[in-house]
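As structure tokens, the structure follows; a few thoughts come after it.
Protein chains: 6
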Amino acid sequence: MFRHTDHMQFDIAPENPDPVYARKLQELIGGTFGEMTVTMQYLFQGWNCRMKGKYKDLIMDVATEEIGHVEMIATMVARLLEGAPATESTKNAMGDPVVAAVMGGMDPQQAIVSGGGALLANSNGVPWSGGNIVASGNLLADFRSNVSLESQGRLQTARLFHMTDDPGVKAMLRFNLARDTYHQNLWLAAIEELKADGIEDTIVPNDLFDEEFAEHATSLWHLSDGADADKGRWAHGTAPDGIHQNQFLANPEPLGNVQAGPPPDPKLYATYDGAMGEPRSAAFGTEKGVVGKIKDAVDPTS
Amino acid sequence: MFRHTDHMQFDIAPENPDPVYARKLQELIGGTFGEMTVTMQYLFQGWNCRMKGKYKDLIMDVATEEIGHVEMIATMVARLLEGAPATESTKNAMGDPVVAAVMGGMDPQQAIVSGGGALLANSNGVPWSGGNIVASGNLLADFRSNVSLESQGRLQTARLFHMTDDPGVKAMLRFNLARDTYHQNLWLAAIEELKADGIEDTIVPNDLFDEEFAEHATSLWHLSDGADADKGRWAHGTAPDGIHQNQFLANPEPLGNVQAGPPPDPKLYATYDGAMGEPRSAAFGTEKGVVGKIKDAVDPTS
Amino acid sequence: MFRHTDHMQFDIAPENPDPVYARKLQELIGGTFGEMTVTMQYLFQGWNCRMKGKYKDLIMDVATEEIGHVEMIATMVARLLEGAPATESTKNAMGDPVVAAVMGGMDPQQAIVSGGGALLANSNGVPWSGGNIVASGNLLADFRSNVSLESQGRLQTARLFHMTDDPGVKAMLRFNLARDTYHQNLWLAAIEELKADGIEDTIVPNDLFDEEFAEHATSLWHLSDGADADKGRWAHGTAPDGIHQNQFLANPEPLGNVQAGPPPDPKLYATYDGAMGEPRSAAFGTEKGVVGKIKDAVDPTS
Amino acid sequence: MFRHTDHMQFDIAPENPDPVYARKLQELIGGTFGEMTVTMQYLFQGWNCRMKGKYKDLIMDVATEEIGHVEMIATMVARLLEGAPATESTKNAMGDPVVAAVMGGMDPQQAIVSGGGALLANSNGVPWSGGNIVASGNLLADFRSNVSLESQGRLQTARLFHMTDDPGVKAMLRFNLARDTYHQNLWLAAIEELKADGIEDTIVPNDLFDEEFAEHATSLWHLSDGADADKGRWAHGTAPDGIHQNQFLANPEPLGNVQAGPPPDPKLYATYDGAMGEPRSAAFGTEKGVVGKIKDAVDPTS
Amino acid sequence: MFRHTDHMQFDIAPENPDPVYARKLQELIGGTFGEMTVTMQYLFQGWNCRMKGKYKDLIMDVATEEIGHVEMIATMVARLLEGAPATESTKNAMGDPVVAAVMGGMDPQQAIVSGGGALLANSNGVPWSGGNIVASGNLLADFRSNVSLESQGRLQTARLFHMTDDPGVKAMLRFNLARDTYHQNLWLAAIEELKADGIEDTIVPNDLFDEEFAEHATSLWHLSDGADADKGRWAHGTAPDGIHQNQFLANPEPLGNVQAGPPPDPKLYATYDGAMGEPRSAAFGTEKGVVGKIKDAVDPTS
Amino acid sequence: MFRHTDHMQFDIAPENPDPVYARKLQELIGGTFGEMTVTMQYLFQGWNCRMKGKYKDLIMDVATEEIGHVEMIATMVARLLEGAPATESTKNAMGDPVVAAVMGGMDPQQAIVSGGGALLANSNGVPWSGGNIVASGNLLADFRSNVSLESQGRLQTARLFHMTDDPGVKAMLRFNLARDTYHQNLWLAAIEELKADGIEDTIVPNDLFDEEFAEHATSLWHLSDGADADKGRWAHGTAPDGIHQNQFLANPEPLGNVQAGPPPDPKLYATYDGAMGEPRSAAFGTEKGVVGKIKDAVDPTS
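Chains as they are written, first to last, in my numbering: chain A, 1 to 302; chain B, 1001 to 1302; chain C, 2001 to 2302; chain D, 3001 to 3302; chain E, 4001 to 4302; chain F, 5001 to 5302.
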């Protein structure tokens, strides 16, 4: 269960409105790597974590912080939109190219749809999608996703940092940059701890090494003609898991048969000339189910 | 430019059709972490790479391999669908619960839309989205995303490995598992190499440390009541970047002001009682543009 | 079955083209609350209505009108795009900041994709989605959605009314505003009539009051620290349904157990330390199906 | 800023797993009217509310509660998936029609993607979309949407109530039904209070009545041939706003001109025979911008 | 403007309900090639048609018919869902494998969301998208899309025809198959007529032949190693436009330079080693705009 | 399996950057008819082709070429973005209306998300969708889709050709226009060859003519009041299939019964007055399954 205080985690006080920048900030709310994604990704990871204790508690701490980041940036967007020329007619705007340019750079839905507030969408107005989040239950896989997310997040924040010179906006971004620095360190530390605790190792999942074809677990297939692909440690020496020896397959040849589908079901009307013969009769992983046999016995005419 | 050979990278030969499994395999084609995502993510990363040489060549090698993985799994799906009871009527199917169950577990679009072939969609039939890919231009950020992607990919492949006992299908998955093992090692090695080459470091992007608020770059805000959140190295000691000292903020209080939007533009009809006064006049990051001043001079009445 | 006349329901005659406004008007075609949504929402509600008579007839009257509103606004968009600088090169446009600003404010797809016509998308170019419509079969629930839809629709129309000073465009909007006024009244009247007819009451659905936990049907959980949440009639007195007595729960405590998932299936590779023991064996709402028992009897070795 | 306690708002304890029902419950998490929608809709409405005081405080109380509802149902989904036959092969499953039927009714992504946890998607696996939420800034419009949302939400919960006979699941739904009853009453009460406070009235927005064409604000256009469309109070008497007099337009004729687009820009290659003449020259709401005039003066040859 | 009659274009009378088939029929409502797509595609083409007369009139005739097809199939879906075991609990359903299999093959949203009615979604529950329609304004391009649409539509209808043996359902499909036959002929005839009228020719658009590189307008680049790619008339002889001579490029070599992006803007943090030098200074299709020159004159220090 | 060379199929060398045009070019990458769609559509058609030989080989040749077209245009986008004012603050940009206008016309995600590279999205920033592709297995249906796709593709390229005057950009487009000309001819030739080979004919699929209602396979239903709908060959004479005789149904009357759903399941809470009686008992295409009968025998009380 959650509780809320009206005070925001950090101060949000732009010196001046800037509706063009308000559109760009949408990327940090509803973009693929925005605050909405980290919020929901961490919440679902926390709820889906099957071990009680430090990892689950950690995830929930960070997840709860992130809801507050959506709050901060949504508030900043509203303040940046104050006094925006949203309701100017095109004719009026065209009398002043500066106004016209501002209108061209604005998100029209921030006026028409949300009335001067933030949208749950990215900087191109595409709504945030629940498909953005990752919560697989495997903590190593998910923490790697978290590192990736915080990296892209700080990268985008850094880019946005250069797109404003408003001291108030920059102050919020200075806070966000710092949190993203910590969160990158945090998830990297958690990955180290998973290994130190003996819970996970280098490869996700830490299993099936006896099942996979070992001879294909080490080599770079050189399928593009760039001359330097073998110049890195991915092509030579011991792999990061400390076990495999990397190799470079300079002239790889395909190992498989010719690509082809089976003969088609005639009732599906795939164009076909019969050269491959008839499709074999149906088999669904079993020749005939037990119940099918019962059915035959009960009603052999059906 | 690309070239294609009809021979597949690896052999695809299921012993028996299995249309229920054919639906599940869609996850590896068009799911968020499927082959389509790695293909397009690596292609766009390669094309967007701004340094000639080993990193760009590496990315293009792997990207080119991955197109062939889409080919392999799409072919497997078609072969698993051979002889599927797709065109059975419900009445017929209900006469045999096994057939009925198979039909219930199939993806109807694999019959109606693609006529026994693969879709560019996930195991629930949701089309693959271009929004799944990550190609930011920052190689450390992107390689971390690649590690994450290959981790989720091998995890899903491992789960699917247990959902079949067809030796032919398992053989393809044994190959895929091995490639995913290598690809996790590969991107981890590339991350090490970026650091060894002095091109990137631990935090993405490797800049703005003087700008961010350093006091907020080290502490876990304890906002959930789990008792063990401070038991990990994220809360104590030196951070993975070797610089910051992690801390635990056991009783964090909000630093910000009360959340509130500015007074609204009356023409947008936000419900408002006037308590905050009028919205200030428009300002778009500048009091008045140069052109605006010219305009005033030319036509002061407008 | 439908019939069409080439004459539009109302006159569409802008005095001047305005491609910037043409983009904004897309919100009224393909936005969440645009004419496409009301059209398809009312059509599906009408087709899904299970009572013959006045309600079904009413819905179909309004639905049929709304198709014509899509027609009107799509036509307006095309006329506003007449002579738009869509095919100007950037270089040419940059010679005249007014032209440049117009181009910046245009929807590029209105030129590239639809050749000067309307799109079935909103003002940010996001395509309309069939997921926007509501047709549950419960008329009270659906009419409430209709009131909401017409309210947002008139609100957006009012906002757009201030963004133009073209008398022809404004005339169309004056018509639309009036229709939205009537349609709000219409659905509110229909809701009153559902109650007057004794078909529905205040709460949707009008059932299960004996099943729900009555002690949780009346109280506001005060989970945010705003001081005035108990100042409204939602916290005191008789509720709108005339039955329940509203209450304010000033210091709510959670009633539930600690959030946790069950022990995971090992084949799904969720990170797990075994502390919760093994997952219990499968049970799908029944211990063992009848058919399973038959199967055991027929083939106990399987 | 938010805080979290590990205790859930209400107890979640299914007696038995039921993976088929776990799929259906996804509708209450990530469906259009699920807990995710109410959570984000209320959060954005609260953040976008421009009046301090009781309405904003109310919205934030309810929004904060709703995050906890996502938590509850996501936890229930994980518990219902315990021991699910997700990793059975098709062949094994086909040996027991009951197991096969369960597998057919499951969401494959709940196993492959989330490893036995909930998804942020609906019961057909379609991800939740940020486009589902409504936060216009106009409280009457938004509260009407809230009433609609809680009505559809309770309706879906009621339908789901009949689809299980597990006492533990039913207990959670009894709680949810009760909360939805209260929340319908709550938003209906808030609408009454907005009127009682004189802040909003019946029609959204409460303005532009002098601008709209009054003669079109009262009549039902009878465009479908159902005989009973005039039998309701929407066609006669005083409208709910207490002002307008409803009317029935039994034989409506179109008021507009013939539908037609303008002559096309030849560079856009719309098929055209020239019958309408040339498109008029560009005009963007103004004949020529001020800057354009300056430009002419400065460089008349450009 | 539109009018509606309650009578459907054709009779809809299934002999028996079939909820499994009701799900499959969703493909013909909200699938990419379903009735919703033809309806909206033809409506937008008609509204976007710039020539008055036979083509526009034709399109509007067919478009208006298609709205009625959505009506027919939506009604069929509702009738097929009559008495569906939608509200059975899993436990009850598992007692009868036939019921269980039916439930597994149903669309859960047809019960939970639409209460036994049709959805505006495809057979996997993915909502219909406005991005499915094509209305470019070029009639040849659009009529080709229409031929394609009616071809896929009849193909899917034919597949669905074999998936039922209900005489009433088959009767509706016999009607639909016939209409699709006519509509394929119709659009093919309209394409012939466009040529006979001299309005369009073989290539879309019928222009820019002097601008395009003629040497690249005739040859098949042989980039895959299939041996028979040159065995068709696409590789030899005169092309369908009667002008070009087809050729086969057996050993094509790339004509372009090495793929590479420009040196990046440092503020965007793309990983970069400086080897390509600095990015050139900005140029937006013009060296310096007229207004920029004015600005220099007014304020040379800025 | 695929191979890649770093050399592009054709030279990409814009004379000057043009970030406004870089946004428009996104339509040719990730738009519905962009290079991504042709790439994936042809790949999936090729993999889904059930006949070995010339058609399959042809499709794979073209598919492989198209991947290279994505490469070309993605590279062009990056080069056009060189030196873009992406990191300018609004305040700085407002000092120069030309810069401001460029910023307004740019895609903000090309800076914030991809760091100066291309996105896998259209010109409005909407991500490319796997739902765009068509690969039904029926070659006539699919080749018609291909003709349509190449027609829309050349149309959009032609429109974009007029929106630039950069000789380098125009050179690439001259190449693309030529390829699209050839590809239209190519698929038209392939359609002729399918007929010449006797594999397909005019109507898709080439079957079920005895099943469809022949009397509905020939007539245009005149449902819109345009006067000229009967002036084309679609209304008279022999149809393109050489068999049917076209007709014009000037005054069509509906053939069907009144639109209505069945009585609803009371547990779904559709509003209902009982006038149609109770819903009939469930029937799923069969009165009672065989297994159901067994169940009755085993446990008649269940």
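Just so it is clear, CB atoms sit at the ideal spot from N, CA and C, and this is done for glycine as well.
- Rounded to the nearest angstrom, the gap between the Cα atoms of residue 3269 of chain D and residue 4046 of chain E is 16 angstroms.
- Only those residues of the stretch 2035–2054 of chain C whose C-beta falls short of 9 angstroms from the nearest C-beta of chain F are listed: 2046, 2047, 2048, 2049, 2050, 2051, 2052 and 2053.
- Here residue 2167 of chain C is exposed: its Cβ has fewer than 16 other Cβ atoms, across all protein chains shown, within 10 Å.
- A distance below 6 angstroms between beta-carbons, with the five flanking residues on each side excluded, links residue 2031 of chain C to the following residues of its chain, in chain order: 2122.
- For residue 4070 of chain E, not one C-beta of chain F is nearer than 8 angstroms to its own C-beta.
- For residue 5224 of chain F, the secondary structure class from DSSP, reduced to helix, strand or coil, is strand.
- Taking a C-beta cut-off of 8 angstroms against chain A, none of the residues of the stretch 4105–4127 of chain E qualify.
- It is roughly 10 angstroms from the alpha-carbon of residue 2073 of chain C to the alpha-carbon of residue 2067 of chain C.
- For residue 5158 of chain F, the number of other beta carbons within 10 angstroms of its own is at least 16, and it is reported as buried.
- Shown in chain order are the members of the stretch 2218–2233 of chain C whose Cβ falls below 9 angstroms from a Cβ of chain D: 2218, 2219, 2220, 2221, 2222, 2223, 2224, 2225, 2226, 2227, 2228, 2229, 2230, 2231, 2232 and 2233.
- In the structure shown, residue 3238 of chain D adopts extended strand secondary structure according to DSSP, grouped into three states.
- At a C-beta separation below 9 angstroms, residue 267 of chain A has these neighbours in chain E: 4158, 4159, 4161, 4162 and 4163.
- Per DSSP, the beta bridge partners of residue 4121 of chain E are E:4127.
- Residue 5048 of chain F is positioned such that its CB atom lies closer than 8 angstroms to that of residue 1078 of chain B.
- Boundaries for residue 1050 of chain B: no beta strand (DSSP E) harbours it, and the DSSP string shows neither H nor E there.
- Assignment of residue 1004 of chain B by DSSP, reduced to helix, strand and coil, places it in the strand class.
- In the DSSP assignment, residue 1245 of chain B forms a beta bridge with B:1238.
- Within 10 angstroms of the beta-carbon of residue 87 of chain A lie 16 or more other beta-carbons, which makes it buried.
- Not a single CB atom of chain F sits nearer than 8 angstroms to the CB of residue 211 of chain A.
- No residue range can be given for residue 2256 of chain C, since it is assigned to no alpha helix (DSSP H) and is classified by DSSP as neither H nor E.
- Using a CB distance below 8 angstroms, the part of the stretch 5001–5027 of chain F facing chain B consists of 5001, 5002, 5003, 5004, 5005, 5006, 5007, 5008 and 5009, ordered along the chain.
- Among the residues facing chain D, residue 103 of chain A is not included, as its CB has no counterpart in that chain under 8 angstroms away.
- Each residue's CA atom was taken as its position, placing residue 1022 of chain B and residue 1115 of chain B some 13 angstroms apart.
- Near chain A, meaning a CB-to-CB distance below 9 angstroms, the residues of the stretch 5133–5156 of chain F are 5136, 5137, 5138, 5139, 5140, 5141 and 5142.
- Closer than 8 angstroms to the CB of residue 5181 of chain F there is at least one CB belonging to chain E.
- Between the stretch 2182–2194 of chain C and the stretch 2054–2062 of chain C there are three or more inter-stretch CB-CB distances shorter than 8 angstroms, so the stretches are counted as touching.
- DSSP links residue 3219 of chain D through a beta bridge to D:3247.
- For residue 5141 of chain F, the CB contacts under 6 angstroms within the same chain, skipping 5 residues up- and downstream, are 5204 in chain order.
- Cβ neighbours of residue 5163 of chain F within its own chain (closer than 7 angstroms, five residues either side excluded): 5021 and 5024.
- Contact between residue 3119 of chain D and residue 3026 of chain D holds: their C-beta atoms lie close to 6 angstroms from each other, under 8 angstroms.
- Residues of chain F whose Cβ lies closer than 7 angstroms to the Cβ of residue 4032 of chain E are, in chain order, 5131.
- Contact annotation: the stretch 1098–1117 of chain B does not touch the stretch 93–112 of chain A, with fewer than three C-beta pairs closer than 8 angstroms.
- Annotated three-state conformation of residue 5081 of chain F is coil, per DSSP.
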